[in-house]
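Asks: After the structure tokens below, expect a handful of questions from me.
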Amino acid sequence: MYNSRLPTDGSDAPTGVSRAPDAGVFEHTVERHSNERIRLLLKSFGLRTSLIRLKVIDALLTAAESDRSLGVRGLHSQLLDLNIPLSFLSVREVLKRLSSEGVITLNADKSYSLHPQAVAILHNEPGATASFKA
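In the numbering used here, the protein residues as written are 70 to 203.
Next up, the structure:
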């Protein structure tokens, strides 16, 4: 049956009708925007951005805002609860690397937290820069 509102070029998308954008597009945009400050943090420490680094730092930020501390197991569990399928070993290695670069610190209770200098960079405090290792 012929429909005058459908295009005749083989596509089945109506012309002249604006489609509502997919809600997932907005969620992705919001996530990218919130990760931008973490990207800048990693860059200021001379580190490349990776998904696992973004997720680990984001989880540490979330824990700090809730006045909680997270060790390797706690962080791994939190990431699994968020449906982020990372292995325990991957999380541990990322924490070790971020710690060795000075982005995070290993506390006496074996929990991790962001280094005060990293917090200052994330909050755009004046004069906050990362000191690179020679």
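Virtual Cβ for every residue (Gly too), placed ideally from N, Cα, C.
1. For Gly-140, which residues in the same chain have their Cβ closer than 6 Å to its Cβ, ignoring the five residues on either side in sequence?
2. Measure the CB-CB distance between Ala-128 and Leu-148 and report whether it falls below 8 Å.
3. By DSSP's criteria, Ile-173 is part of a beta bridge. Which residues make up the other side?
4. Per DSSP, what kind of secondary structure is Leu-116 in: helix, strand or coil?
5. Roughly how many whole angstroms lie between the Cα atoms of Ala-133 and Gly-143?
6. Output the boundary residues of the alpha helix (DSSP H) element that contains Asp-150.
7. What do you reckon, are the CB atoms on Ser-113 and Ile-190 nearer than 8 Å?
8. For Ile-121 versus Val-163, is the C-beta distance shorter than 8 Å?
Replies: Straight from the coordinates:
1. Closer than 6 Å at Cβ, skipping near neighbours: Lys-179 and Ser-180.
2. Against a cut-off of 8 Å, the Cβ pair of Leu-148 and Ala-128 comes out as a contact.
3. Assignment of beta-bridge partners to Ile-173 by DSSP yields Leu-183.
4. Residue state, collapsed to three classes: coil.
5. When rounded, the distance between both Cα atoms is 13 Å.
6. Unbroken alpha helix (DSSP H) run through Asp-150: 141-150.
7. It is a contact, given that the beta carbons lie within the stated cut-off.
8. Cβ atoms of Ile-121 and Val-163: closer than 8 Å.
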